[in-house]
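J.: In our numbering, the protein residues as written are 9 to 499.
(1) Please determine, among 366, 127, 120 and 102, the residue with the shortest C-alpha to C-alpha distance to residue 389.
(2) Among the residues of its own chain, which have a CB less than 6 Å from the CB of residue 200, if the five just before and after it don't count?
(3) For the candidate residues 92, 86 and 62, whose alpha-carbon lies nearest to that of residue 70?
(4) With a CB to CB cut of under 7 Å and the five nearest residues on each side skipped, what residues in its chain are close to residue 269?
(5) Just the Cα atoms here: how many angstroms apart are residue 267 and residue 67?
(6) Here's the rule: buried if 16 or more other CB atoms are within 10 angstroms of the residue's CB, otherwise exposed. What is residue 281?
(7) Between residue 409 and residue 95, what straight-line distance do the alpha-carbon atoms span, to the nearest angstrom?
(8) To the nearest angstrom, how far is the alpha carbon of residue 220 from that of residue 381?
(9) Would a C-beta distance cut-off of 8 Å place residue 333 and residue 340 closer than the cut-off?
(10) List the residues that DSSP assigns as beta-bridge partners of residue 203.
(11) By Cβ distance below 6 Å, which residues in the same chain neighbour residue 42 in space, the five residues on each side in sequence not counted?
(12) On the three-state DSSP scale, how would you describe residue 402?
(13) CB-CB under 8 Å to residue 217, same chain, minus the five flanking residues each way: which ones, in chain order?
(14) What is the DSSP secondary structure of residue 313, reduced to helix, strand or coil?
(15) For my contact list, residue 324 and residue 371 are in at a C-beta cut-off of 8 Å; report their separation, rounded to the angstrom.
(16) Between which two residues does the beta strand (DSSP E) holding residue 112 run?
(17) With three or more beta-carbon pairs closer than 8 Å as the criterion, would you say the stretch 362-377 touches the stretch 422-438?
(18) Per the contact definition of three or more C-beta pairs closer than 8 Å, is the stretch 149-159 in contact with the stretch 293-304?
(19) Going straight from the alpha carbon of residue 99 to that of residue 290, what length do you get?
(20) Nearest-angstrom Cα distance between residue 488 and residue 278?
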């Protein structure tokens, strides 16, 4: 013990004797390094700050880091976009859940950005969406095949002239009438039926659209799976979707839908069998998928993506138009009188109503990712777009601009009798606009016309339009639905 004490005292004395030397040595060694670090940091920041010779995109002010204005965007997207456009102009940047989002609000703007900059990439957001919808983690190959092989085919088939020749509307109407005849028989037997408006629209559109695309052998009883997926897409799109106790119901529904589509295709896929009544679009898509050596699971996932794309926007817009006519008796009466007298393709009032619905409704906005720092000219000003940002084309700021559409917050049935008015652009623009927009408009008009011909539709309770909510960037129609509908036989 005494020896240990002596060694400790000796070490303490040596340390005290050498401490000033240690301090001086450390200072001499680290001071130049610190000065160099500070110089390089300053020079680097100065150089970085000088790098963009362009203006930063106007940023929406927020006092909450990471969250930004996410809550306002979800609660009342229309008001937020319109007010932000008025305050910051047609192009502005915001933070939402930790990501930088650049919002383009004027028509032609996204197309101009794509023309100037080849580093605006639609694939990143598509891969994320494909992964969320299918549960297939490695979805890059599916995305590539859809973008390079299937989209060119669909563009031709779904063009205005191609849509009329394709027979898609004939098979859509065939199944819609089958469903409405079954509902008529039920109403005769049991009297009026009460349901949520979204349920009435979503189910019948699901059956009609799937018959149109896939033919009569499609498993129509898979609708409950689709309904769950449609209302859960945002949680499926989030990182939390793979947590053990999160989104279990949605994940089961997603797998149920994939299994149903595998069963639908497996005889053709493995044995060269025939798919009765399959559309040219789906038939050619399946051939391409097999040529590209996709697995049957990837093919089923790709079909689910096509189905969701064909249905989601149509359901949202049909819901919005039906809600408008249910709360406004004049709109209901005028559209019904026209539906009784005229075919939906020769009904000018219904055409104007459909366009007004496209103006006032909401669909998921087209999204691009910025793959490299870029400087792009917008309205004569050069802006700096930072790598990693996302750009969305959100047309509500334009659609509700009073300089373009008078009294924009009112739903005017005859607004688009004025042919000089610009047509709404809810389905995107540029190189990647929605190929199915012509078919979508025909399906909306067909559904409204046939429903008004067959049934009396009446709101049970308060006649108030729902306030559309948004789950992330996706309109949440089912979550916004506040209308209870009574369906009875037409007088």
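Heads up, the beta-carbon is just placed ideally off N, CA and C, and yes, glycines get one too.
T.: Considering the structure as presented:
(1) Your numbering for residue 389 matches position 381 in the chain shown. For the residues 366, 127, 120 and 102, the minimum Cα distance to residue 389 belongs to 120.
(2) For the purposes of this step, residue 200 is taken as the residue at position 192 of the chain shown. The answer, listed in chain order, is 494 and 496.
(3) The residue labelled residue 70 in the question sits at position 62 within the chain shown. Checked all of 92, 86 and 62; the closest Cα to residue 70 is 92.
(4) The count along the chain shown starts at 1 and reaches residue 269 at position 261. These residues qualify, in order along the chain: 308, 311 and 312.
(5) Taking the chain shown and counting its residues from 1, one reaches residue 267 at position 259. Taking the chain shown and counting its residues from 1, one reaches residue 67 at position 59. About 45 Å.
(6) For the purposes of this step, residue 281 is taken as residue 273 along the chain shown, with counting starting at 1. By the neighbour-count rule (16 or more Cβ atoms within 10 Å), residue 281 is not buried but exposed.
(7) Residue numbering aside, residue 409 sits at position 401 when the chain shown is read from its first letter. Residue numbering aside, residue 95 sits at position 87 when the chain shown is read from its first letter. Each residue's alpha carbon lies about 13 Å from the other.
(8) The residue given as residue 220 occupies position 212 in the chain shown. The residue given as residue 381 occupies position 373 in the chain shown. Their Cα atoms are separated by approximately 44 Å.
(9) Start at 1 with the first residue of the chain shown, and residue 333 comes out as number 325. Start at 1 with the first residue of the chain shown, and residue 340 comes out as number 332. Taking 8 Å as the Cβ cut-off, residue 333 and residue 340 qualify as a contacting pair.
(10) The sequence position of residue 203 within the chain shown is 195, counting from 1. Partner(s): 493.
(11) Here residue 42 refers to the residue found at position 34 of the chain shown. Residue confidence is low: residue 42 scores 43 on pLDDT, short of 50, so the model does not pin down where it sits. Its coordinate-derived value is still stated next. Hits under 6 Å: none found.
(12) Counted from its first residue, the chain shown places residue 402 at position 394. Coil at residue 402, not helix or strand.
(13) Stepping through the chain shown from its first residue, residue 217 is reached at position 209. For residue 217, where only same-chain residues beyond five positions count, the Cβ hits under 8 Å are 180, 315, 318, 319, 322 and 451.
(14) Here residue 313 corresponds to residue number 305 of the chain shown, with the count starting at 1. Helix, per DSSP.
(15) Position 316 of the chain shown, counted from the start, is the residue given in the question as residue 324. Position 363 of the chain shown, counted from the start, is the residue given in the question as residue 371. With 8 Å as the limit, residue 324 and residue 371 qualify as a contact, their Cβ atoms being about 6 Å apart.
(16) Mapped onto the chain shown, residue 112 falls at position 104. Residue 112 -> beta strand (DSSP E) spans 107-112.
(17) yes
(18) yes
(19) Residue mapping note: residue 99 aligns to position 91 of the chain shown, counting from 1. Residue mapping note: residue 290 aligns to position 282 of the chain shown, counting from 1. Approximately 38 Å between the Cα atoms of the pair.
(20) In the chain shown, the residue the question calls residue 488 occupies position 480. In the chain shown, the residue the question calls residue 278 occupies position 270. About 43 Å.
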